[in-house]
Amino acid sequence: MTDPSVPTPVTSIPHATESVSVPQVRFRGEGGKLLLLLPPERETATPTAAWTDLWQQLKQRLNAAERFWQANTPVHLIARDRLLDARQLQAIADALTDAQLQLKRVHTTRRQTAVAAATAGFSVEQQPPIVHLNQEESGQALAEPLYIETTVRSGVEIRHPGTVIVLGDVNPGSSIVADGDVLVWGALRGVAQAGAAGNSRCLILALRMEPTQIRIADFVARAPQTPPDQYWPEVAYVTGDGIRIAKASDFSREALLE
Amino acid sequence: MSRIIVVTSGKGGVGKTTTTANLGMALAQRGHKVAVVDADFGLRNLDLLLGLENRIVYTAVEVLAGECRLDQALVRDKRQPNLALLPAAQNRTKDAVTPDQMKRLVAALTKAFHYILIDCPAGIEMGFQNAIASAREAIIVTTPEVAAVRDADRVVGLLEANDVKRMYLIINRLRPAMVEQDMMMSVKDVQDILAIPLLGVVPDDERVIVSTNRGEPLVLAENPSSAATAFSNIVRRLEGEKVPFMDLSAPPDDFFSRIRRFFQGHKP
Ligand SMILES: Nc1ncnc2c1ncn2[C@@H]1O[C@H](COP(=O)(O)OP(=O)(O)OP(=O)(O)O)[C@@H](O)[C@H]1O
Ligand SMILES: [Mg+2]
């Protein structure tokens, strides 16, 4: 009943620190406006690298989800402790304009960013650093699902404190790290991690399961050495013996038998 | 309006410069005014492949420094007067120019040329940023190898983020016999991952190496080699002609490739 292409389960490797979910650039709807949430500054990255990274994520989010908001929706940029200069703020505003969104207000905890935003003509709200706007991430509840309609390409990493749904392929060299489930309506060829905050009941689903590696909570599995002749939609889940993969059509029955 | 096309790959040595030289020459033969720009500062090669090395007086760096005019730095090809080369400096590094400077150079070239082909250096650092800064279209060159395709995929992602929306794929150095024996990625394998329109497939051909060493682009030869025919077809497709692909055995259509094509058709 189990698929012969079941990958070798590797049991319970210690919870790596990198799997702690650091949120990425993302949008969230709130009372008729959109919040554009930037991740907090990471110490390791150089300023240019941090900006390039941020920019690529923003463009990807915009390209991937355009049809989910109405034209001229106002946007509040939640910049947290990120340093942004006037040119970068303008670039963000222009990218939003191209997607028919309007940057209305910049929230920041940094004086420099506040000054740059004001100079560039945006309204600004500066909070003291303690009132972090990422409080929503510290609770137990998952964030609303992140839906992206794009090919996730090599070098791209998507982290989200909730479920991630990809309409498109997840290519080798990319990774998806979700605190909830990972659903790929396409080929999963990169690395996918579900239940990154430790929930082993999370699932990974793909139309075509060809991952480099999959992880659910603390469990890790690699793809089989010899690829199968044919692919079906499949589901990866955790059992007493580690990660199993089943045909999607067999899954619920099988899960009930466990 | 001029077409500004960057030829890029991520991985080194896969055939960017060879492609730029041959497409530039073939476009010029078709009557277009073409400028090929060497953006590989410090490791320039394009002049060698075009056999124009000994005619370089000034480079892009002198133009930017105001030490000469743009048309003084351009090297016209004697065999094909429609073609001109803007050389890179050999004694500088990739940080010698900025993306804004490249944009200004290319903008100046658009006044006199229909096609501007930019030969991008390997990698995704400063030299890459410079080369793509002004491009509106991109030709992604890859060989059918896992590492080259991986890097090409990364580059496609970076180009998407930089608003280069039109991208085309060239698969270089294909060896059909090896594909047949399952020892090399097939055209379909590569396309499955990169999911951008295929402009052409260039076979692995030793005459490419001979032409590189002689400084004579293949498309100039009297008796066209298979690689030369591939480059001519690529240029016709680039200009919107429907040219059938050279016969390369493809596996039968299956359900999943149909699904994938469905996705490709619906890309935003
Ligand atoms: N189709 C081909 N058949 C055989 N040899 C080829 C083919 N294409 C390119 N080559 C050879 O591969 C080598 C590298 O080609 P080329 O210089 O065009 O690559 P590149 O991508 O520009 O390299 P770099 O990243 O160093 O700039 C050259 O020696 C060239 O002759
Ligand atoms: Mg080169």
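Chains as they are written, first to last, in this note's numbering: chain A, -13 to 244; chain B, 225 to 492.
Where is the CB? At the ideal position from N, CA and C, for every residue including glycine.
Between the CA atoms of residue j and residue i - distance to the nearest angstrom
i: Thr436(B); j: Tyr282(B); result: 23 Å
i: Pro131(A); j: Leu189(A); result: 14 Å
i: Pro213(A); j: Asp406(B); result: 13 Å
i: Glu277(B); j: Pro427(B); result: 27 Å
i: Ile231(A); j: Ala203(A); result: 15 Å
i: Gly239(B); j: Val432(B); result: 10 Å
i: Glu4(A); j: Arg187(A); result: With a pLDDT of only 33 at Glu4(A), under 50, the local geometry of the prediction cannot be trusted, and no value is derived from it.
i: Gly351(B); j: His146(A); result: 32 Å
i: Ile229(A); j: Leu423(B); result: 41 Å
i: Ala451(B); j: Ala445(B); result: 11 Å
i: Leu247(B); j: Asp413(B); result: 25 Å
i: Asp324(B); j: Leu270(B); result: 22 Å
i: Leu75(A); j: Asn386(B); result: 16 Å
i: Leu119(A); j: Leu21(A); result: Since pLDDT at Leu119(A) reaches only 47, below the 50 mark, its modelled position is unreliable, and the value read off the structure follows with that caveat. When rounded, the distance between both Cα atoms is 11 Å.
i: Asp165(A); j: Phe205(A); result: 14 Å
i: Thr59(A); j: Gly347(B); result: 38 Å
i: Leu69(A); j: Val321(B); result: 26 Å
i: Gly125(A); j: Ala182(A); result: Note that Gly125(A) scores a pLDDT of 48, beneath 50, so its modelled location is shaky and nothing firm can be said.
i: Pro197(A); j: Ala35(A); result: 28 Å
i: Ile356(B); j: Ser238(A); result: 49 Å
i: Gly17(A); j: Leu82(A); result: 19 Å
i: Arg438(B); j: Leu272(B); result: 8 Å
i: Val467(B); j: Thr334(B); result: 28 Å
i: Val287(B); j: Leu298(B); result: 10 Å
i: Val8(A); j: Trp37(A); result: Per-residue confidence for Val8(A) stands at a pLDDT of 45, beneath the threshold of 50, marking its modelled position as unreliable; no derived number is given.
Under 8 Å between C-beta atoms of residue i and residue j
i: Ala178(A); j: Ile151(A); result: no
i: Thr232(B); j: Ile364(B); result: yes
i: Ile78(A); j: Leu23(A); result: no
i: Tyr217(A); j: Arg194(A); result: yes
i: Ile340(B); j: Ala259(B); result: yes
i: Ile342(B); j: Ile394(B); result: no
i: Glu361(B); j: Arg227(B); result: yes
i: Leu310(B); j: Val261(B); result: yes
i: Thr94(A); j: Ala104(A); result: no
i: Met391(B); j: Leu382(B); result: no
i: Arg91(A); j: Pro26(A); result: no
i: Val425(B); j: Phe469(B); result: yes
i: Gly148(A); j: Thr136(A); result: no
i: Leu329(B); j: Ala284(B); result: yes
i: Leu87(A); j: Val110(A); result: no
i: Asp377(B); j: Lys235(B); result: no
i: Arg300(B); j: Ala308(B); result: yes
i: Met249(B); j: Pro441(B); result: yes
i: Gly141(A); j: Gly159(A); result: yes
i: Glu143(A); j: Val168(A); result: no
i: Val230(B); j: Ala359(B); result: yes
Closer than 7 Å: residue i CB and nearest ligand 1 heavy atom
i: Arg397(B); result: yes
i: Pro345(B); result: yes
i: Val238(B); result: yes
i: Val426(B); result: yes
i: Thr34(A); result: no
i: Thr436(B); result: yes
i: Val432(B); result: yes
i: Ser233(B); result: yes
i: Asp262(B); result: no
i: Asp429(B); result: yes
i: Ala401(B); result: no
i: Ala451(B); result: yes
Contacts that residue i makes with chain A (C-beta to C-beta distance below 8 Å)
i: Ile417(B); result: Asp155, Asn157, Pro158, Arg175
Listed by chain order, chain B residues near residue i by CB distance under 7 Å
i: Thr137(A); result: Ala419
i: Gln46(A); result: Ala385
Proximal residues of chain A, C-beta to C-beta of residue i below 7 Å
i: Ala346(B); result: Correct list: empty, because the minimum Cβ distance to chain A is about 15 Å.
i: Val380(B); result: Arg139
i: Arg374(B); result: Ser140, Pro158, Gly159
i: Asp377(B); result: Arg139, Ser140, Asn157, Gly159
Contact test: residue i Cβ vs ligand 3 heavy atom, cutoff 7 Å
i: Ala362(B); result: Within the structure as shown, ligand 3 is missing, the only ligands being ligand 1 and ligand 2.
Neighbour list for residue i in chain B, Cβ cutoff strictly below 8 Å
i: Trp37(A); result: Ordered by position in chain B, no residue passes the 8 Å Cβ test against Trp37(A), which lies about 12 Å from the chain.
Interface residues of chain B facing residue i [CB-CB closer than 9 Å]
i: Gln42(A); result: Gly381, Leu382, Glu384, Ala385, Asn386
Lining residues of ligand 2 - beta-carbon closer than 5 Å to any non-hydrogen atom, in sequence order: Sorted by position in the chain, Lys240(B), Thr241(B), Asn269(B) make up the residues whose C-beta lies under 5 Å from a heavy atom of ligand 2.
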